[in-house]
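Contents: one structure, followed by commentary.
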Amino acid sequence: MSLCATLPQQGGRDEATLRALAERAGQELEDATAHEIVRWAAETFGERLCVTSSMQDTVLAHLASSVVPGITVVFLDTGYHFPETLGTADAASATLPIKLVTVRPRQTVAEQDATLGPDLFRRNPDLCCQLRKVAPLERALAPYDAWATGIRREESPARANTPVVSWDARRRKVKIAPLARWTQADVDAYIAEHGLLVNPLLYDGYPSIGCWPCTRRVEDGEDARAGRWPGLAKTECGIHT
Ligand code: SF4
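In the numbering used here, the protein residues as written are 39 to 279.
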């Protein structure tokens with residue numbers, strides 16, 4: 039079966055209805071558990087819901103697939119991932135009841151180097167992120183009405199006000215953050231309780247894991263995302279802004 043045949047087709051609820059759903063749920067589900075939020079999303083959107091994962095850990099993929107076995111998990115393979123991240127994606131696909139959909143940029147790193155010059159991440163990281171993260175994700179999300187992400191308020195000041203459900207105006211979809219209120223202790227407890235796979239770099243000084251050229255280890259006491267785009271004012275790739 040082709041990938042297209044397994045994806046939901048276009049033509050779900052209209053934009054005004056989706057926006058109203060998001061705004062109401064954002065208020066009503068603020069105090070709900072992550073399971074309750076995922077269950078609401080699954081009941082509301084059915085196959086027009088997907089989950090995204092950076093493969094830093096498998097918490098959201100595990101939690102969502104415990105509510106909806108076989109749920110689609112979208113993984114962005116930027117071409118610049120650490121081998122440990124790709125290994126975590128493979129292991130998640132092999133061990134969890136998920137349908138992993140790996141999404142890649144239109145150009146390989148070699149093709150991008152040939153057309154835009156080498157190491158675009160040094161010269162124009164915003165464009166690099168746009169080409170290798172933001173645009174591929176938008177293509178991947180096109181068939182869906184709602185998408186879930188594992189971002190948490192505690193991760194950085196920029197994420198401190200993340201709603202559990204919101205209207206993603208740029209993509210015209212409902213954005214769901216079931217773990218928004220979770221602390222790192224909540225994440226650690228869930229991983230331990232379920233014996234989950236995690237990216238081994240998490241235990242090697244990388245509390246936030248992105249592309250290898252733009253991620254460094256953090257020092258004790260630093261923000262979890264302090265190691266992302268070191269030396270630059272950039273703190274987000276553009277997916278959540
Ligand atoms: S994180 Fe760095 S390497 Fe990855 S897409 Fe963004 S700029 Fe490029």
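We put the CB at the ideal spot given by N, CA and C, even for glycine.
| query | Can you tell me where the beta strand (DSSP E) with residue 114 in it begins and where it stops? | reply | 109-114
| query | Does the Cβ of residue 199 have 16 or more other Cβ atoms within 10 Å, making it buried, or fewer, making it exposed? | reply | exposed
| query | Taking the Cβ atom as the reference point for each residue, do residue 186 and residue 97 lie within a distance shorter than 8 Å? | reply | no
| request: Tell me whether the beta-carbon of residue 95 lies closer than 8 Å to the beta-carbon of residue 234. | output: In this structure, residue 95 lies near residue 234, with their beta-carbon atoms less than 8 Å apart.
| Is residue 186 helix, strand or coil by DSSP? | strand
| Relative to the C-alpha of residue 62, which residue among 204, 218, 155, 181 is closest? | 204
| said: Helix, strand or coil for residue 246? Go by DSSP, reduced to three states. | reply: coil
| Identified DSSP bridge partners for residue 88 | In DSSP, residue 88 forms a bridge with 185.
| said: Less than 6 Å between C-beta atoms, sequence neighbours within five positions excluded: which residues of the same chain meet that for residue 279? | reply: The beta carbon of residue 279 is closer than 6 Å to none in its chain, skipping five residues each way along the sequence.
| request: Take residue 253 and list the residues in its own chain whose beta-carbon comes closer than 7 Å to its own, dropping the five residues that flank it on each side. | output: 244, 247, 265, 266
| message | Is it buried or exposed, residue 184, if we count other Cβ atoms within 10 angstroms and call 16 or more buried? | response | Residue 184 comes out buried.
| said: Quick check: the Cα distance between residue 103 and residue 164, rounded to an integer number of angstroms? | reply: Roughly 33 Å separates the two Cα atoms.
| task | Would you mind sorting residue 182 into buried or exposed? The rule is 16 or more other CB atoms within 10 Å of its CB. | result | With 16 or more other Cβ atoms within 10 Å, it is buried.
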